[in-house]
Structures are given as structure tokens and as C-alpha cells.
Amino acid sequence: MSFADMFYGDGIATNSVLQKSKEDLRRELRECTKELEEVKSQLRSVNSCWDFCSMRRIELEKELKEMKDVKESNDRIIASMKNKIELNQKNHDEQIAKIIEELEEKMSVLKDLNADLLQKAQEEHEIKMKIMKKEQDRKIKELDEILKKTKQESEAKQAKIEKENKILKSNQANESINYQQEMIRLIEEHQKETEAMRSELEEEKKSMKNKIEINQKNHDEQIAKIIEEHEEKMTVLKYKNAESMKTAREAHEVKMKIMKKEQDQKIKELDVILENTKQKSEAEQATIEKEIKILKSKQINESRIYQQEIGRLIAEHQKETEAIRKENEAMKSELKEEKKSELSTKLTKASNRQITLDASNRVFIQFLNITRTVQDASESLEFIELYCSHESPENFECAIAIYLDELNELKLKFKERVFHFRQSAINEQNVHQEIRNVCKSYLQKSEELMMSESLLELCLHLPTAVENKKIFEIEEFKKKAGKLSEEMKITRDVVQMKLEAILLAILQK
Numbered sequence: 015m016s017f018a019d020m021f022y023g024d025g026i027a028t029n030s031v032l033q034k035s036k037e038d039l040r041r042e043l044r045e046c047t048k049e050l051e052e053v054k055s056q057l058r059s060v061n062s063c064w065d066f067c068s069m070r071r072i073e074l075e076k077e078l079k080e081m082k083d084v085k086e087s088n089d090r091i092i093a094s095m096k097n098k099i100e101l102n103q104k105n106h107d108e109q110i111a112k113i114i115e116e117l118e119e120k121m122s123v124l125k126d127l128n129a130d131l132l133q134k135a136q137e138e139h140e141i142k143m144k145i146m147k148k149e150q151d152r153k154i155k156e157l158d159e160i161l162k163k164t165k166q167e168s169e170a171k172q173a174k175i176e177k178e179n180k181i182l183k184s185n186q187a188n189e190s191i192n193y194q195q196e197m198i199r200l201i202e203e204h205q206k207e208t209e210a211m212r213s214e215l216e217e218e219k220k221s222m223k224n225k226i227e228i229n230q231k232n233h234d235e236q237i238a239k240i241i242e243e244h245e246e247k248m249t250v251l252k253y254k255n256a257e258s259m260k261t262a263r264e265a266h267e268v269k270m271k272i273m274k275k276e277q278d279q280k281i282k283e284l285d286v287i288l289e290n291t292k293q294k295s296e297a298e299q300a301t302i303e304k305e306i307k308i309l310k311s312k313q314i315n316e317s318r319i320y321q322q323e324i325g326r327l328i329a330e331h332q333k334e335t336e337a338i339r340k341e342n343e344a345m346k347s348e349l350k351e352e353k354k355s356e357l358s359t360k361l362t363k364a365s366n367r368q369i370t371l372d373a374s375n376r377v378f379i380q381f382l383n384i385t386r387t388v389q390d391a392s393e394s395l396e397f398i399e400l401y402c403s404h405e406s407p408e409n410f411e412c413a414i415a416i417y418l419d420e421l422n423e424l425k426l427k428f429k430e431r432v433f434h435f436r437q438s439a440i441n442e443q444n445v446h447q448e449i450r451n452v453c454k455s456y457l458q459k460s461e462e463l464m465m466s467e468s469l470l471e472l473c474l475h476l477p478t479a480v481e482n483k484k485i486f487e488i489e490e491f492k493k494k495a496g497k498l499s500e501e502m503k504i505t506r507d508v509v510q511m512k513l514e515a516i517l518l519a520i521l522q523k
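First residue of the sequence shown: 15, per our numbering; consecutive thereafter.
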């Protein structure tokens, strides 16, 4: 066998080895692509689960807020009812006391007036008795008729007053003013009638002045008897009025006791309802807080799993690149001298590709630390927005302060990691240009968000607004927190999609 045949045979063997290596590399690349698709599918599943947990947490917070609204509304209604009952009771007692006092004063005035009138009439009558003797019998009859008429009128008026009292007792709460007006009207009528009777008596006394001349002694006895009967009748009327007032007062006290008992029973029932509602609200609030803690723990675990999965992908990528590098070195040692220039070019490209991958990998690891910091800031803003959505954010002042402190720490950590990343990116000259551009774009957008005036105002002024219960400012800060968190999420998702597409394109070359 000649030297040419040997050289030709070795070349064929070398080509077959290279072809086999290429096929193996393509097969491994397809497997890596398949595994990458599976990881992406798992990542989408994790993101979907994350979104579901966030939605569930928001729903639970809304339910908690509705329960608190119902509880506060019930408290306000019960307090209003208690105040109204107490006010009505107080007004009612004052009106009854005032009416009783006025009636007693008017009865006292009537008594004094009757006594004065009677004394005056008696004095005038004693002076005029000498000239009234002739008309004694007639006058006695007339006086009997007058007294009988007066008695009937007094009884009718007393019955009318008692009837009015009964009517007023049934409508006392709503018609106290009409009751006072009616009593005043009746008293005025009684005064007018008394005045008319007095005028009539005076006229009759004047007309009888020249007529009565005889039977002074008998007349005096009759007059004394009439006066005594009149006083007895007045005493009876006074006693009846006192009995009527006492009966009315006792009936009112019984009615007030029944009303107070009913009001106390109603208040007790409302207190029981309030206590049950309060216990139910507290139980539901505890359940919701427990679910929030579970969701938060689940989110932390999912974030940890996501980071572990990213680390695993990076490790696998490093192993694969290391294997490719070793295979390239093995292929390089097996090639013949005559194929050296051609293979050297391919190896140089493969080596450059490997160097680019290694440099990109180092930059990518530091870049992931930055994205993780922004993701943590986005989660803190979500919790701040959630607590600010409550009707009473001041109840979560400590939790809000904790997340604001965490935001300040994340801002410092972000600055530090961005600084190290830029130093590393300057030193790494072999980073893939598209990866460099994507990272640069993300850093620019993330710096705008992390160092924005909105975030600075949120960290500085939200604690004061919560402490002073400034609802409008808290609502504005809540909107800013939600907007910043949403923009951070969108930026992260866009960069993640771009980097996945670039890495896939690099691996397929």
C-alpha cells in the first residue's frame, strides 16, 4: 500500500469520526432543546399557579373587607338605636314631668282663686244680707239650681278631662304638645266660666240688694250650710283630681316600665346578634389571615423552586458546554496534519462560541441576582397595595412599615448588584451582543422603576399618611404601588422571553 492510499484512508476515517461527532452533538442539542421546553412549560405552570394564588389572596382580602364593613354597619345601627331610645325616653320623661308640674300649678291657682272668690263673695254677702231677706227662698232655690248646674258642669268637665287623659296616655309620645294646648284651653274655658259665674253672682247680688230684709238667722245658717257643702264638694273634686292624677301617673309608670322592659329585651337581643356577628367576623378574619399566611409561604416555596430550577439549568448548561469543549479538544488531537487548517478554523469558531457562552453565562448569573431583587421589590409592593386596600390601613401600620423597610434594603442591594454587574460586563468582552443589549435595556428600565420618585415618595410619606389616617393620600400611594409592581412584572416577563429566545438560538447554531 502506497503512502497516498494510507493518507486517503486516514482522511476517510477522520471524516467518518467527525460526521459521527456532529450527529451526536445534534442529538444532544435536540435533547437539550426538549429539556428546555419542559422547563419552560414547568415555569409557565409555576407562573400560572402564582397568578392563581395572587387572585385568591385578593378575593380573600375583599371578603374580609366586606365582613368588616358589615360589622361596622351593625355597630353603627345598634349605637344609633340605643341613642335614639335613650333620647326618646329622656324627652318623654321630661314632657310627663313638665305636664304634671303644670297641672299641679294650675290646680293650686284654681284652688287659691276659688278661695279668694269665696271669701270675697262671703264678705259682700254679709254686707248685703240685710236687704236680701225677702228673696231668701227664691235665692236659695236659684242657688240650689246654680250649684246643681255647677256640679253637673264640673262632673262633665271632670269626665271630659279624664277622657282626654286616657286619649293622651295612648298618644303621649307623639301628641304631648296638643295635650298641653288642650289642657290650657280647658283651663281657660274653666276660668272664663268661673268669671262668668262670678259676674252673674255679682249682678244677682246687686239685683237682690234691696230685696232681702228678713230671716237673717235662718239665712245665715242656710248660707253656712251651703258654704260647708260647697267646701265638701270642692274637697271631693280636689280628691278626685288627685286620684285621677295619681291613677294617670301610676298608669304612666306601668307603661314606662313595660316599655323599658321591652327596650331592654330588644337591646339584649341586639347585643346577642352583635356578639354573634363579632365572633363570626373574628373567626372569618382569622381564617383569611391563615390562608394569606399559607399563600405567602406557598409563594416563597415556589420562588425557591424557581430559583433552584434556574440554577439546575445553568449547571446543566455548564456541563454541556464543558462536554462540548472536551469533545472539541479530543477531536482536535485526532485530526491529521493535512486537515489541520480546516479543523483549526472550525475549532476556533467552536472555541469562540464556547468562550462567548462562558462569558454570557457568568454575566447571566449576575443578571439573575438583579432580576431576583426586582422581583422581591415587586412582591413587597403587592403586599403594600393589599394592606392599603383595607378600609382601616392604620390597623396594618406595622406590616406596611416592615415592607417599606424591605423596599429600602432592596434598593440598596439593587444599586450594589447593578454596580458589580456593570464592572463585570466591562471586563467580559466576549459576551454575546444580543444578551448584552437585552440586559442593558432591562437595567435601564429597572433603574427607572427602582429609583423613581414615586417609589421614593412611597417610602418617605406613606407611614405618615397611615399614621394620620389620610385616606386620600393612602389611596394615591396604593395606586402607585400597584402600578410600579405591575410594570416590574411586565419588564421581567419581556426580558425573560427575549433571553430564552436568544439562548435557544445560540444552542441551535
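Where is the CB? At the ideal position from N, CA and C, for every residue including glycine.
These figures come from a predicted structure and were not determined experimentally.
Asked	Found
Residue interval of the alpha helix (DSSP H) (run including Met511)	485-522
Host alpha helix (DSSP H) of Pro407 (start-end)	That residue, Pro407, is in no alpha helix (DSSP H); it is neither H nor E in DSSP.
N-terminal and C-terminal residue of the alpha helix (DSSP H) that Ser468 is part of	467-481
Where the alpha helix (DSSP H) through Asn451 begins and ends	447-464
Separation of Ser406 from Phe435, as counted between CA atoms	42 Å
Alpha-carbon spacing of Ala519 relative to Thr47, whole angstroms	10 Å
For Glu140, three-class secondary structure by DSSP	helix
Rounded straight-line distance, which links the Cα of Arg506 to that of Thr385	7 Å
Integer-rounded CB distance, given that Ile369 should sit under 8 Å from Glu448	Actually they are not in contact, since the Cβ atoms of Glu448 and Ile369 sit about 16 Å apart, beyond 8 Å.
Proximity winner among Ser460, Glu343, Met511, Leu470, relative to Arg530 (alpha-carbon distances)	Nothing about residue 530 can be reported from this structure: the residues present for the chain run from 15 to 523 only.
Residues of its chain near Leu492, where Cβ-Cβ distance is below 7 Å and the 5 sequence neighbours each way are ignored	A quick correction: the sequence has Lys, not Leu, at residue 492. The answer, listed in chain order, is Glu399, Cys402, Ser403.
Cβ pair count under 8 Å reaching 3, the segment 414-431 against the segment 467-478	yes
Distance CB(Ser365)-CB(His446) smaller than 8 Å	no
Rounded separation between Glu283 and Asn409 - CA only	30 Å
Residue closest to Phe397, alpha-carbon to alpha-carbon, out of Lys310, Val377, Val480	Lys310
With 16 other Cβ atoms within 10 Å as the buried cut-off, status of Lys304	exposed
Nonlocal neighbours in the same chain, by C-beta distance under 6 Å from Ser438, ignoring five residues either side	Gln380
Buried or exposed (CB count within 10 angstroms, at least 16 for buried), Cys453	buried
Assigned secondary structure, Lys148 (DSSP; H/G/I helix, E/B strand, else coil)	coil
Same chain only: Cβ atoms within 7 Å of Leu395, ignoring 5 sequence neighbours per side	Ala495, Leu498, Ser499
Three-state class that DSSP yields for Asn383 in the structure shown	helix
Option in Glu235, Glu51, Gln322, Asp285 with minimal Cα separation from Leu382	Gln322
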